[in-house]
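Undergrad: For what it's worth, the UniProt record's numbering labels the leading residue of the sequence shown as 1, then goes sequentially.
All C-beta atoms in this analysis are idealised placements derived from N, C-alpha and C, irrespective of residue type, glycine included.
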Amino acid sequence: MTNSPVNILIVDDIAHNITALEALLARPGVELLVANSGTAALDLLLKHEAALAILDVNMPGMNGFELASLMRGSPRTSHVPIIFLTATAEDASRTFRGYEAGAVDFLHKPFDPRILQSKVDVFVQLEQHKRQLADQLLTTRQLLEANEMLMAVLGHDLRTPLGTVLASAEYLARNAPDEQSATVAGRIKSSSMRMSRMVHQLLNLARLQGGRMQLQPRAAELTALCRGVIEEFATHERAGQITLNARGNSTGSWDTDLLWQAISNLISNALHHGDDDSAIAVDVDGEAPNWIKLTISNRGVIPAGVLPHLFEAFGSNGVGERSREGLGLGLHIVHKIVHMHGGKVTGKSDEIVGTVFSLDLPRVAQSWVR
Numbered sequence: 001m002t003n004s005p006v007n008i009l010i011v012d013d014i015a016h017n018i019t020a021l022e023a024l025l026a027r028p029g030v031e032l033l034v035a036n037s038g039t040a041a042l043d044l045l046l047k048h049e050a051a052l053a054i055l056d057v058n059m060p061g062m063n064g065f066e067l068a069s070l071m072r073g074s075p076r077t078s079h080v081p082i083i084f085l086t087a088t089a090e091d092a093s094r095t096f097r098g099y100e101a102g103a104v105d106f107l108h109k110p111f112d113p114r115i116l117q118s119k120v121d122v123f124v125q126l127e128q129h130k131r132q133l134a135d136q137l138l139t140t141r142q143l144l145e146a147n148e149m150l151m152a153v154l155g156h157d158l159r160t161p162l163g164t165v166l167a168s169a170e171y172l173a174r175n176a177p178d179e180q181s182a183t184v185a186g187r188i189k190s191s192s193m194r195m196s197r198m199v200h201q202l203l204n205l206a207r208l209q210g211g212r213m214q215l216q217p218r219a220a221e222l223t224a225l226c227r228g229v230i231e232e233f234a235t236h237e238r239a240g241q242i243t244l245n246a247r248g249n250s251t252g253s254w255d256t257d258l259l260w261q262a263i264s265n266l267i268s269n270a271l272h273h274g275d276d277d278s279a280i281a282v283d284v285d286g287e288a289p290n291w292i293k294l295t296i297s298n299r300g301v302i303p304a305g306v307l308p309h310l311f312e313a314f315g316s317n318g319v320g321e322r323s324r325e326g327l328g329l330g331l332h333i334v335h336k337i338v339h340m341h342g343g344k345v346t347g348k349s350d351e352i353v354g355t356v357f358s359l360d361l362p363r364v365a366q367s368w369v370r
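#1: Within 10 angstroms of the Cβ of Asn298, are there 16 or more other Cβ atoms? Answer buried if so, exposed if not.
#2: Once you ignore the five residues that flank Asn249 on each side, which residues in its own chain have a CB closer than 6 Å to its CB?
#3: For Gly228, does the count of other Cβ atoms within 10 angstroms reach 16, so buried, or fall short, so exposed?
#4: Select from Ala288, Ala220, Leu55, Leu42 the residue whose C-alpha is nearest the C-alpha of Lys109.
#5: With respect to the beta strand (DSSP E) encompassing Asp360, which residues constitute its N-terminal and C-terminal limits?
#6: When you compare only the Cα positions, how much space is there between Asp121 and Leu67?
#7: Beta-carbon within less than 7 Å of Ser264's beta-carbon, same chain only, minus the 5 sequence neighbours each way: which residues are those?
#8: Indicate whether Val338 and Leu307 have their beta-carbon atoms separated by less than 9 Å.
#9: Can you tell me whether DSSP reads Glu221 as helix, strand or coil?
#10: If you follow the beta strand (DSSP E) that Ile302 is in, where does it begin and where does it stop?
#11: Using the three-state DSSP reduction, which class does Lys344 fall into: helix, strand or coil?
#12: To the nearest whole angstrom, what separates the beta carbons of Thr39 and Met62, a pair I think is in contact under 8 Å?
#13: Indicate whether Val80 and Leu52 have their beta-carbon atoms separated by less than 9 Å.
#14: Checking the sheet assignment: what are the DSSP bridge partners for Lys293?
#15: What is the DSSP secondary structure of Asp56, reduced to helix, strand or coil?
#16: For Val199, which option in Gly330, Ala182, Leu143 has the closest C-alpha, if you only look at C-alpha atoms?
#17: The alpha helix (DSSP H) that contains Ser268, what's its start and end?
#18: My understanding is that Ile292 touches Val284, with C-beta atoms under 8 Å, so please give their C-beta distance in whole angstroms.
#19: Which residues bound the alpha helix (DSSP H) around Val50?
#20: What first and last residue would you give for the alpha helix (DSSP H) that runs through Arg238?
#21: Can you tell me the Cα-Cα spacing of residue 372 and Val184, whole angstroms?
#22: For Thr86, which of Leu25, Asn17, Gly29 has the nearest alpha-carbon?
#23: If you check the beta carbons only, do Gly240 and Gly274 fall under 9 Å apart?
#24: For Ser190 versus Leu162, is the C-beta distance shorter than 9 Å?
#25: Going by the CB atoms, is the gap between Leu294 and Val282 shorter than 9 Å?
#26: Exposed or buried, which one is Ser181 when buried takes at least 16 other CB atoms within 10 Å?
#27: By DSSP's criteria, Phe111 is part of a beta bridge. Which residues make up the other side?
#28: Give me, in chain order, the residues of the same chain whose beta-carbon lies closer than 6 Å to that of Glu31; leave out the 5 immediate sequence neighbours on both sides.
#29: Going by C-alpha to C-alpha distance, which of Asp105, Cys226, Ala26, Asn290 sits closest to Ala246?
#30: In the DSSP assignment, the alpha helix (DSSP H) including Asn17 goes from what residue to what residue?
#31: As a quick exercise: from Pro113, Phe111, Phe84, Asp112, pick the residue whose alpha carbon is nearest that of Tyr99.
#32: To the nearest angstrom, how far is it from the Cα of Leu133 to the Cα of Arg174?
#33: Determine the direct distance from the alpha carbon of Met340 to that of Val11, and round the result to whole angstroms.
#34: Checking the sheet assignment: what are the DSSP bridge partners for Leu244?
#35: Let me know if Met149 comes out buried or exposed under the rule of 16 or more other beta-carbons within 10 Å of its beta-carbon.
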């Protein structure tokens, strides 16, 4: 598509005028479509896409203004730029009529050939850029379709055998004949759970990036939602270190499933990357009338070089490798979810306060993305 010639339509009832325009405008990559009447021009426009039309105003039968009006009335040709050429003396009313008919320019004969060449060059370049963008859009759509196919494979074809591996590892751990077997079974289970989290993150990222995950807000109580998420980590070895503090009114309207995931990602992040002997504080501040602030803090410190990239997809752990617990998508997904609700999320970390993630949520989700 990008390499096909750019079509320029020339319409004039005088043969030597057409010959002169062909000699002036002929160049590699440009195809000149020539017509000696308005009817012949319309016939060409039915068969070819034109990037520009150069119309003579004074033609018998159908003049240039009438042809332009018909072009503007057709969805197929309404977007084609028009340059009028006329040998009639300059007349403000005729010039205005030309622009009213949809002209982008109006040149009076004799005109400077270099001016017409320059104007045509602009429209040729615009058409080439439009084609490049169209090709890029097509490529992007194909990549998105391939991505959706990959996500379908991850969602079904990988989850099923992964569930079997996880169940088998749990069975082996419970029935291990010796300590070494139990250790191996534990490693299999741990790796399977880590892989399951990676698959889950990839699936959610694909839905969020593709715009296929829409908000479904409903009335909820943020403190109760946080309490439920914390209970989800009850079997974690550091579950007793998670504390919840709430004040004010924490009711609102949000997509609780997505918000649950965002809170879960932040708590999981604190558990995996925070200091082992420090508390993880979940704080809900509902004292403002229109917004609720949720903060999750721990004593771990994020390297200063990583802070500017916290919410980027596939972020690193600051030493050139991604976390062994995932793909670096957790915080990126949190950012997407909070942004979808019309809120904002920030993260700060230093030796004094540790690491603190803050979510500012409107009480009513505003349902906008990116």
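TA: So, to answer that:
#1: buried
#2: Gly286
#3: exposed
#4: Leu55
#5: 354-362
#6: 23 Å
#7: Val229, Glu232
#8: no
#9: strand
#10: That residue, Ile302, is in no beta strand (DSSP E); it is neither H nor E in DSSP.
#11: strand
#12: 6 Å
#13: yes
#14: Asp285, Asp360
#15: strand
#16: Gly330
#17: 256-273
#18: 7 Å
#19: A small correction: the amino acid at residue 50 is Ala; Val does not occupy that position in the sequence shown. Segment: none, Ala50 is in no alpha helix (DSSP H) and carries neither H nor E.
#20: Premise fails: Arg238 is in no alpha helix (DSSP H) and is neither H nor E.
#21: The structure shown does not extend to residue 372, since the chain spans only 1 to 370, so no value can be given for it.
#22: Asn17
#23: no
#24: no
#25: yes
#26: exposed
#27: For Phe111, which the question treats as bridged, DSSP gives no partner whatsoever.
#28: Pro5, Asn7
#29: Cys226
#30: 15-25
#31: Phe84
#32: 58 Å
#33: 52 Å
#34: Val282
#35: exposed
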